[in-house]
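Residue numbers (the numbering used here): 62 to 547.
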């Protein structure tokens, strides 16, 4: 049957169980009725901690992408189970695609702190549909703060962090987090650049899972989106206006010239200029200029604070512009910008960090341009005829998490390992969870598993399986080594 997307209000009817039997930890509570649909609330120590308008939202396109359809805040028409394990089922008819999608959700309490959520889709009407799923986590009331794996006080937006984990902290001090299964099972990756031996590593024309973890402070939600990619459109780029030279931050540079004709005399490591730029997270930007220099030099997009101290290297690498001692050469590249953690983005031009001390150099740049590329978002995961697809997430609740970056990271790692059924000490759980979060798909359209020892290595590809092998074998635990590598 077709479920109306307009029913965002649920008539909360408590069903045949209560959470008292799980008062010491997390439990499930299914609410609703056959007319308005059923949905699930996560309860922790007898108190509801989530209040979602539906179970998930999904977008679909046909195989050649002329037609689109959407399921908004889906709710089930039937359910079975109890406070420990519940299954919700139903259908959604995609009128624009003339396709019926069978839907099943499986919730299971994996430990006193962790609930596993599986969303399964199946259709038998179309040879191929592309799909994406947004899984949302909302608190029952405005939280005290949001957090992510890299930010104890998350500023929000599309996050691109080593370990996809984000959540909120309630006013009562309960930390709630949203985690994902490994990328090779949920079919996501963190690749935002390609190897290029000649220049800065450019952004791909298709970047998958840019909103894999997204904190929306406006509507108090934490989201996961599986199966979405950012695609560059062949439309004219929009120029980013460069600020006046007076606002540039100079290190070891007495005179930078003008925006049209930059001349840098640099002597020490990391000498150069930082140009503040109004860049938006979730977008792709191009950088181009002509240059002349006897040595390679750095061109890096940074996330900086008010004093131009780096909070994050947005290019994930100390990128270099190739030397051009014989004359002027053209340089071009592209970069994906995730959500900013500090005050602003900045373009750094100058000496790279591995230059020798007192390495005097003159760098000349003209025609500097930064432009925002036109892009669009589209589903890319495949839902083929009569073949079920499943996405697995985990929700954890913990009252003992310190309000520190280490506290949030450790809780994310330990509870993910628990959710995946791993047994071991906390250090072993951390190692296991970290390896799982660095096990991705090889590319947006290649579901082959790829183990990447660091998010910095994501552009390089299969050669780093070698490093991953030795990383795993280097752990002082034979059983853990073999289990991880298997």
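All residues carry an ideal CB built from backbone N, CA and C; glycine is no exception. Remember, it's a predicted structure, so these values are computed and weren't measured experimentally.
By Cβ distance, which residues of its chain are closer than 7 Å to residue 233, with the 5 residues on each side in sequence left out?
For the purposes of this step, residue 233 is identified with residue 172 of the chain shown, where counting begins at 1. Nothing meets the Cβ criterion.
Leaving out five residues on either side along the sequence, give the residues of the same chain with a beta carbon under 6 Å from the beta carbon of residue 221.
Here residue 221 refers to the residue found at position 160 when the chain shown is read from its first residue. Excluding residues within five positions, the ones whose Cβ falls inside 6 Å are 399.
Do residue 249 and residue 502 have their beta-carbon atoms positioned less than 9 Å apart in this structure?
Taking the chain shown and counting its residues from 1, one reaches residue 502 at position 441. Taking the chain shown and counting its residues from 1, one reaches residue 249 at position 188. Cβ atoms of residue 502 and residue 249: closer than 9 Å.
If you measure from the CB of residue 243, is any heavy atom of the ligand ADP nearer than 8 Å?
Looking at this structure, you won't find the ligand ADP or any other ligand, since it has none at all.
Of all the beta strand (DSSP E) runs that stay within the bounds of the stretch 231-311, which reach a length of 3 or more residues?
Qualifying beta strand (DSSP E) stretches, in chain order: 236-241, 267-269, 274-277, 282-287, 289-293.
Can you have a look at residue 497 and say buried or exposed, based on whether 16 or more other CB atoms are within 10 angstroms of its CB?
Counting from 1 along the chain shown, the entry for residue 497 is found at position 436. Buried is the call here.
List in chain order: all unbroken alpha helix (DSSP H) runs of 4+ residues lying wholly within the stretch 450-496.
Whole alpha helix (DSSP H) segments, 4+ residues: 466-480.
With 16 other CB atoms within 10 Å as the buried threshold, where does residue 82 fall?
Position 21 of the chain shown holds residue 82. For residue 82, the predicted model reports a pLDDT of 40, less than 50, meaning its position is unreliable; a value from the coordinates is still stated below. That one is exposed.
Starting from the C-beta of residue 367, find all residues in its chain whose C-beta is less than 6 Å away, skip the five residues before and the five after it, and write them out in chain order.
Against the chain shown, residue 367 aligns to sequence position 306. Here the set comprises 404.
Counting beta carbon pairs with one atom in the stretch 198-210 and one in the stretch 440-453, are three or more of them shorter than 8 Å?
They do not touch, by the three-pair rule.
Quick one: grab the DSSP three-state call for residue 158.
Counted from its first residue, the chain shown places residue 158 at position 97. The answer is helix: DSSP assigns residue 158 an H, G or I state.
Taking the beta strand (DSSP E) that residue 396 belongs to, which residues open and close that run?
Within the chain shown, residue 396 is the residue found at index 335, counting from 1. Per DSSP, residue 396 belongs to the beta strand (DSSP E) from 390-398.
Near residue 433, which residues of its chain fall below 7 Å by C-beta distance, leaving aside the five closest residues on each side in sequence?
Along the chain shown, one-based indexing puts residue 433 at 372. Around residue 433: 298, 299, 301, 344, 346.
Go through its chain and collect everything with a Cβ distance to residue 543's Cβ below 7 Å, but skip five positions before and after it.
Along the chain shown, read from residue 1 onward, the residue named residue 543 stands at position 482. There are no such residues.
Taking a contact to mean a Cβ-Cβ separation below 9 Å, would you say residue 211 touches residue 436 in this structure?
Working through the chain shown from its first residue, we reach residue 211 at position 150. Working through the chain shown from its first residue, we reach residue 436 at position 375. Going by C-beta atoms, residue 211 is not nearer than 9 Å to residue 436.
Would you please state the rounded distance, in angstroms, between the beta carbons of residue 254 and residue 377? I believe it to be under 8 Å.
Walking along the chain shown from the start, residue 254 turns up at place 193. Walking along the chain shown from the start, residue 377 turns up at place 316. Contact holds; Cβ gap of about 7 Å.
Use the C-beta contact count for residue 64: other C-beta atoms within 10 angstroms, 16 or more gives buried, fewer gives exposed.
By 1-based counting over the chain shown, the position of residue 64 is 3. Interpretation of residue 64 is limited by its pLDDT of 38, a score under 50 that renders its predicted location unreliable; the figure taken from the coordinates is listed afterwards. Burial call: buried.
Would you report the Cα separation of residue 161 and residue 136, rounded to the nearest angstrom?
On the chain shown, position 100 is the one that residue 161 refers to. On the chain shown, position 75 is the one that residue 136 refers to. If you take the alpha carbons of residue 161 and residue 136, they lie about 15 Å apart.
Can you pull the DSSP bridge partners for residue 93?
Here residue 93 is taken as the residue at index 32 of the chain shown, counted from 1. Bridge partners of residue 93: 99.
Kindly list the residues whose CB is nearer than 8 Å to the CB of residue 111, restricted to its own chain and excluding five residues on each side of it in sequence; keep chain order.
If you number the chain shown from 1, residue 111 lands on position 50. The answer, listed in chain order, is 102, 103, 198, 199, 200, 201, 237, 456.
In the DSSP assignment, find the beta strand (DSSP E) that holds residue 352 and state where it starts and stops.
Reading the chain shown from its first residue, position 291 is the one you call residue 352. Note, residue 352: beta strand (DSSP E), 344-353.
Quick one: is residue 139 buried, meaning 16 or more other Cβ sit within 10 Å of its Cβ, or exposed?
As a first step, residue 139 is located in the chain shown; it is residue number 78 there, counting from the start. Residue 139 should be labelled exposed.
Would you list the one or two residues that DSSP bridges to residue 335?
Taking the chain shown and counting its residues from 1, the one referred to as residue 335 is at position 274. Its beta-bridge partners are 310, 409.
Using CA coordinates, which residue listed in 309, 271, 386, 314 is at the minimum distance from residue 397?
Taking the first residue of the chain shown as position 1, residue 397 is located at position 336. Comparing Cα positions, the closest option is 271.
Taking just the CA atoms, how far does residue 218 sit from residue 441?
Taking the first residue of the chain shown as 1, we reach residue 441 at position 380. Taking the first residue of the chain shown as 1, we reach residue 218 at position 157. Cα to Cα, the separation comes out at about 21 Å.
Is the Cβ-Cβ distance between residue 118 and residue 195 less than 9 Å?
The residue given as residue 118 occupies position 57 in the chain shown. The residue given as residue 195 occupies position 134 in the chain shown. Closer than 9 Å, so yes.
Could you check where the beta strand (DSSP E) with residue 426 kicks off and where it finishes?
The residue given as residue 426 occupies position 365 in the chain shown. Residues 422-433.
Please state the DSSP three-state secondary structure of residue 125.
Here residue 125 refers to the residue found at position 64 when the chain shown is read from its first residue. In the structure shown, residue 125 sits in coil (DSSP, three-state: anything other than H, G, I, E or B).
From what residue to what residue does the beta strand (DSSP E) around residue 193 run?
Counted from its first residue, the chain shown places residue 193 at position 132. From DSSP, the beta strand (DSSP E) with residue 193 extends over 189-198.
Measuring CA to CA, which of 123, 245, 134, 181 is closest to residue 148?
Here residue 148 corresponds to residue number 87 of the chain shown, with the count starting at 1. It is 181.
Would you kindly report the start and end of the unbroken beta strand (DSSP E) that includes residue 440?
Working through the chain shown from its first residue, we reach residue 440 at position 379. Its beta strand (DSSP E) spans residues 436-440.
What's the C-alpha gap between residue 401 and residue 263?
Here residue 401 refers to the residue found at position 340 when the chain shown is read from its first residue. Here residue 263 refers to the residue found at position 202 when the chain shown is read from its first residue. Rounded to the nearest angstrom, the two C-alpha atoms are 19 Å apart.
Which of helix, strand or coil does DSSP assign to residue 543?
Here residue 543 refers to the residue found at position 482 of the chain shown. Reduced to three states, the DSSP call for residue 543 is helix.
Would DSSP call residue 171 helix, strand or coil?
Counted from its first residue, the chain shown places residue 171 at position 110. In this structure, residue 171 counts as coil in the three-state DSSP scheme.
Looking at the strands, I want to know which residues DSSP matches up with residue 146.
Position 85 of the chain shown, counted from the start, is the residue given in the question as residue 146. 169.
Per DSSP, residue 207 is paired with what?
Indexing the chain shown from 1 puts residue 207 at position 146. Residue 207 is bridged to 229.
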